[in-house]
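Below: the structure, in structure tokens.
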Amino acid sequence: MSSHRPFEGKLAIVTGSSRSFGAVIARHLAAKGANIVVNYTSDTSKEKAKGVAKELQSKYEVKAIPVQADLATVDGPKKLIDIAKSHLSGPEGKFQIDIIVNNAGVANPEPLEGLTAEAYDGAFNINARGPALLVAAAIPFLPNDRSGRIVNISTIGASIGLMYSTAYAGSKGALEAMTRVWARELAERATVNSVCVGCMADTGLYDAIPKEMSHVVFPLLSNAPLSAVRPGVDSEEVVEAAKDLGGRPAYVDEVAAIVSMICSSESAWMTGSCVSATGGGVMT
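Have a look at this one:
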């Protein structure tokens, strides 16, 4: 096996991977040889998902299929597994899921006084229940030699008391708790870790934060040693945005590389951990 394609022949499911951070994670894994299930939710993302799958096939010479499944619904996670199995089973029906990246999620920042039951349920359904049901449905198809990798995308907001994020941080805190539970329950099948991200550029996740609320993220970036902008290296847009935010957010490729690292065989002795991907904004 080529050292440049350590995931050759492995199958990775990346939820919410038709665009933004999820698509970048899919590219990182495919570049190392993994076959990819490109998951998307709505019809509006169908063409984007097909485009990502086609790109992965042509550029990295891997198998890649787009699969529509709404992970916020009760039956969505199992539907995703069933469709993947029907398309990607090998000889004699062999089907194995080597990597799961639970990336799909919603943020919708708002103060506690504006929280509705619908917003609360919406966040928990996709950010916490969806990953739980997906991993549960995948268990029969995980490896039996500890080589599986499950990576849950969380947020530092779950541990630092980030304002205006009751539903978002609460649901991600639940996901981190389940990360530790699954690390024990699935120890003979897969490692289970979380990546706790801070602000990321080009994800849309923080677009809903109005400028007058920039003070919420300012301390996170101003305290991160790696968030200092570098004129001539960072774009003019990034340099300008950093003035309001206290520093630059992470580039999605930087965080996707951390996800890829955790999926490697070299990370076999790490499980139940939450890896801080904040440029030093939160040091653990």
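The opening residue of the sequence shown carries number 922 in my numbering; numbering runs sequentially from there.
From the three backbone atoms N, C-alpha and C, an ideal C-beta is built for every residue, glycine too.
Being a predicted model, the structure only gives us computed values, none of them experimental.
Between the C-alpha atoms of residue 1083 and residue 961 there is a straight-line separation of about 28 Å. Collapsing the DSSP output to three states places residue 1121 in a strand.
A direct Cα-to-Cα measurement between residue 1194 and residue 1018 gives close to 21 Å.
The DSSP assignment places complete beta strand (DSSP E) segments of no fewer than 3 residues inside the region 1003–1046 at 1020–1023, in order along the chain.
Assigned with DSSP and collapsed to three states, residue 1160 falls in helix. Residue 941 carries a helical assignment under DSSP once its states are collapsed to helix, strand and coil. Short of 6 Å from the beta carbon of residue 1077, and not among the five residues preceding or following it, lie these beta carbons of its own chain, in chain order: 1117, 1119, 1199 and 1203. For residue 1094, same chain residues with a beta-carbon under 6 Å away, outside a window of 5 residues either side, are 1079 in chain order.
Residue 1186 sits exposed, since fewer than 16 C-beta atoms from the chains shown fall within 10 Å of its C-beta. Between residue 1074 and residue 1021, the gap from beta carbon to beta carbon reaches 9 Å or more. Under DSSP, residue 1171 takes part in a beta bridge, and its partners are 1121. Per the DSSP secondary-structure output, residue 1115 pairs in a beta bridge with 1073 and 1195. In the DSSP assignment, residue 934 falls within the unbroken beta strand (DSSP E) covering 932–935.
For residue 959, the beta-bridge partners assigned by DSSP are 935 and 987. Rounded to the nearest whole angstrom, the CA to CA distance from residue 1000 to residue 938 is 16 Å.
In this structure, residue 1137 and residue 1085 form a Cβ contact; the two beta carbons are roughly 6 Å apart against a cut-off of 8 Å. Distance from the Cα of residue 993 is smallest, within the candidate group 1045, 987 and 1097, for 1045.
In the displayed model, residue 1185 falls within coil according to three-state DSSP, outside both helix and strand.
Annotation for residue 993: no alpha helix (DSSP H) segment contains it, and DSSP assigns it neither H nor E.
Here residue 1100 is buried, its C-beta having at least 16 other C-beta atoms within 10 Å. Close CB contacts of residue 1087 within its chain, under the 6 Å cut and outside five residues either way in sequence, are with 1033 and 1036 (chain order). In the three-state scheme derived from DSSP, where H, G and I count as helix and E and B as strand, residue 1086 is classed as strand.
According to the DSSP assignment, residue 976 belongs to the alpha helix (DSSP H) that extends over 967–981. Here the alpha carbon of residue 1180 sits roughly 20 Å from the alpha carbon of residue 1145.
In the structure shown, the three-state DSSP call for residue 927 is coil. Contact between residue 944 and residue 973 holds, with the beta-carbon distance rounding to 5 Å and staying under 8 Å.
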